[in-house]
Every structure is written in structure tokens, then in C-alpha cells.
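Engineer: Below is the structure I would like to discuss, written out as C-alpha cells.
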Amino acid sequence: MPSSPAPIQVLTVDDHPLMREGIAAVIGRQTGMAVVGEAENGSRGVELFRQLQPDVTLMDLQMPSLDGLSALQQIREEAPQARIIVLTTYKADARAWQALKAGAAGYLLKSALRTCLIDAIRAVHGGGRWIPSEVAIEIATHATDEKLTEREAEVLRQVAQGLSNREIGELLSLSEETIKARVKTILSKLGARDRTHAVVIALQRGLIRL
């Protein structure tokens with residue numbers, strides 16, 4: 010009698026215990042698949058990957074200690090064959106693009122875990138990729154957008170903290186007029202109505218993190 014194939018071994022890396030429990034519950038109902046490890050941050054995720062060598066790793070992007078993108082890059086440097094699916098709340102094109110460029114084999118929205126998790130794991134384990142259509146559309150829509158410079162992104166992060174142009178100028182050792190001009194450029198690049206709208210767009214698209 011032929012033996013059953015070895016189960017797909019999955020490592021979950023997410024700082025929210027309830028998310029890890031939910032993933033374990035979904036996978037636990039499957040035959041031929043098992044969660045072999047759980048990590049609460051990127052640093053621990055890298056450690057467990059080295060120890061367990063899982064078939065597929067589910068990696069949250071926003072975590073303390075070491076964020077998911079950095080952990081993904083570290084794992085891929087050590088194990089180029091690693092199959093990693095990044096998990097996120099947002100269909101942000103910038104985050105998706107960065108993760109895919111760093112070697113992610115899949116990009117899964119947390120809102121779709123119940124319906125797509127198992128299919129995504131099987132697809133990636135089989136050597137394929139998993140990119141939701143809405144994420145692909147976001148990437149394509151903004152592919153030709155003019156990018157924010159690092160200094161513009163820093164200005165926008167300070168705007169998000171509630172600082173005025175004068176306060177941002179003092180913090181970055183620039184004049185208030187220079188900051189005002191940069192904010193105007195940022196609004197134009199993002200197609201934003203005002204400063205608050207620019208922050209919302211940048212957060213949704215993963216262009217800045219708070």
C-alpha cells in the first residue's frame with residue numbers, strides 16, 4: 010500500500026496571537042498540512058525558520074523587533090529556495106511590490122484568509138505564486154506613478170505625527186518655505202487634496218509607516 014505524502018509544513022510569523030490561532034485552526038482542518046511553528050516577531054521567525062526549515066512560511070509585514078519585509082529578506086539570503094507568503098491588512102501596492110521584489114512567492118490579504126489561505130499555501134508549495142487580483146491591479150495602477158523621495162517620505166511621516174511646516178523644518182534643519190514646497194510636491198505626486206488626505210493615501214499604499 011503506497012504511503013501518504015508528507016504533510017506540508019507551515020511556519021506562521023505574526024505578532025497577533027489570535028491571528029496565529031485562526032491560521033492554525035484553518036490549517037488544522039486540512040489533511041496533508043500542519044503548522045509546525047509559530048513566531049510572534051520577525052527575529053523569532055528567522056530563528057524558527059532555521060530550526061524547522063518549513064515548506065511554506067506565512068509572514069506578517071508589520072511586526073515589532075524585526076518587520077516582516079526585513080525577516081523575509083534575511084531568510085531569502087540564507088535560503089533562496091524558501092517559499093514565503095506575506096500577510097497584510099492592506100492591498101498596498103508599495104508593500105506588495107517590495108515583498109515580491111524581495112522574493113515573496115505570495116501576497117495574501119488577511120481579510121481573505123478564510124477563503125484563500127489553503128489554496129495559497131498549496132499553490133506556493135507547488136512552485137507557483139499567489140497574488141490576489143486586487144493587489145495586482147493596485148501594482149499596475151501605480152506602476153508609473155512618480156515615487157516619493159526618501160526626504161519627502163520623511164516629511165510626510167512628520168506630517169502624520171501632527172507637526173506643522175515650521176516644526177518639521179526645525180526637526181530636519183530646513184526652512185519652513187522648503188518644507189511648504191515639499192508638501193506641495195507630495196500632494197501633487199499622490200493626487201491628494203490636502204495634508205491629511207496625503208497621509209491616508211501614503212498609509213494605504215504602504216509608502217510610509219508610523
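Numbering (this note's numbering), first residue to last: 10 to 219. For every residue, glycine included, the Cβ atom is placed at its ideal position computed from N, Cα and C.
Is any non-hydrogen atom of the ligand ADP found closer than 7 Å to the C-beta of L122, if you look at the structure I gave you?
Structural biologist: As far as ligands go, the structure on display features none, and thus does not contain the ligand ADP.
Engineer: In chain order, what residues of the same chain lie with their CB nearer than 8 Å to the CB of Q170, ignoring the 5 residues before and after it?
Structural biologist: Within the same chain, Q170 has close Cβ partners L219.
Engineer: D69: which of E49, E56 and A88 sits nearest, CA to CA?
Structural biologist: Of the listed residues, the one whose Cα sits closest to D69 is E49.
Engineer: Using only the alpha-carbon positions, how far apart do S142 and L172 sit?
Structural biologist: So the two alpha carbons sit approximately 37 Å from each other.
Engineer: How is the beta strand (DSSP E) around D69 delimited, first residue to last?
Structural biologist: That run of the beta strand (DSSP E) goes V65 to D69.
Engineer: For the candidate residues S74, L126, K189 and A113, whose alpha-carbon lies nearest to that of E86?
Structural biologist: Closest option to E86, Cα to Cα, is A113.
Engineer: Give the secondary structure of L172 by DSSP, where H, G and I count as helix, E and B as strand, and everything else as coil.
Structural biologist: Three-state result, L172: coil.
Engineer: Cα separation between M10 and Q60?
Structural biologist: Note that M10 scores 47 on pLDDT, short of 50, meaning its location in the model is unreliable; the coordinates nonetheless yield the value given after this. Spanning the two alpha carbons is a distance of roughly 32 Å.
Engineer: Taking just the CA atoms, how far does I148 sit from I140?
Structural biologist: For I140 and I148, the distance between alpha carbons rounds to 11 Å.
Engineer: Residues in its own chain within less than 8 Å of E56 by CB, not counting five upstream and five downstream?
Structural biologist: The residues are A48.
Engineer: From what residue to what residue does the alpha helix (DSSP H) around I148 run?
Structural biologist: Segment S142 to H151, the alpha helix (DSSP H) holding I148.
Engineer: Which two residues bound the contiguous alpha helix (DSSP H) that contains P60?
Structural biologist: Correcting the residue type first, residue 60 is Gln in the shown sequence and not Pro. Q60 -> alpha helix (DSSP H) spans G51 to L61.
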